[in-house]
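Okay, so the sequence shown: first residue is -3 according to the working numbering, each after it adds one. Read through the structure below, which is laid out as structure tokens, and then see the notes.
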Amino acid sequence: MTPSDWIFVAVLLAVAALAALGIVRHARRFAPVHRHDRIASGVGGAMYVFLFGQALWFLRALLESPYMVQQVLAVVADNPEMATAALVVLAPTLLALILCPWMLWELARRRAPSAPAVAVVCLWVLGPCVAALQSWYFDAELTVLSQVQLFGWAFVWTAYFAWSPRVALTYGTARAKTLLAEAR
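Encoded structure:
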């Protein structure tokens, strides 16, 4: 990579970090559903890492979408029969531009069990499901590294949203009542 590439990566990482911090700062204006002296609640902890990763995912989609749309339109103009394939290529980026902000909004503003559920659904749709669709459509295999990245990210964060005491108390999931009863 050239020095200018490193600068671009550094700026992208800084923007994603600032976006994640901004989301957390905004989210902290809304009280968690439950609080307990000995159990952390509210948006924080590992959620920083998740928000940073999702901000990067959104920025990637935002940066690549103008080029992708231009290229797809050029291909379809020359070969109209490629329209479906072009849509399969472009759809994940367009989905990311819609679903990422919605997921981040839900996590930052809503204090209901549906917020982490929306995040989990979006994770699986934007990652493994879209990759499987593209792999199937183009009759191409995902590399082991791609599978580990896509499924690993989705599994880790699904487990976090399902079992984290912080998430349970913040969003008032069914597990929160059990945690509060055990902590007495």
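We put the beta carbon where it would ideally sit given N, CA and C, even for glycine.
Boundaries for P124: no alpha helix (DSSP H) harbours it, and the DSSP string shows neither H nor E there. Considering only W2, Q143 and L52, the residue with the shortest C-alpha distance to A16 is L52.
Put simply, of S160, L100, W149 and S142 the residue whose alpha carbon is nearest the alpha carbon of H22 is L100. Under DSSP, the beta-bridge partners assigned to H32 are I35. Counting along the chain, no alpha helix (DSSP H) covers L138, and no H or E run does either.
Short of 7 Å from the beta carbon of M78, and not among the five residues preceding or following it, lie these beta carbons of its own chain, in chain order: V71 and V72. Around the C-beta of S37, 16 or more other C-beta atoms lie within 10 Å, and the residue is accordingly described as buried. Judged by DSSP secondary structure, T166 falls within the alpha helix (DSSP H) whose first and last residues are P161 to Y167.
With fewer than 16 other CB atoms across the displayed protein chains lying within 10 angstroms of its CB, G40 is exposed. Taking L9 as the centre and dropping the five residues before and after it, the same chain places the C-beta of L52 closer than 8 Å to its C-beta, in chain order. Rounded to the nearest angstrom, the Cβ distance from V20 to L47 is 6 Å, consistent with a contact under 8 Å. S131 is positioned such that its CB atom lies no closer than 8 Å to that of T89. With 16 or more neighbouring CB atoms inside 10 Å of its own CB, T169 falls in the buried class. Spatial neighbours of L91 in its own chain (CB-CB distance under 8 Å, excluding positions within 5 residues in sequence) are listed in chain order as V121, L122 and V126. Rounded to the nearest angstrom, the gap between the Cα atoms of M(-3) and L141 is 21 Å.
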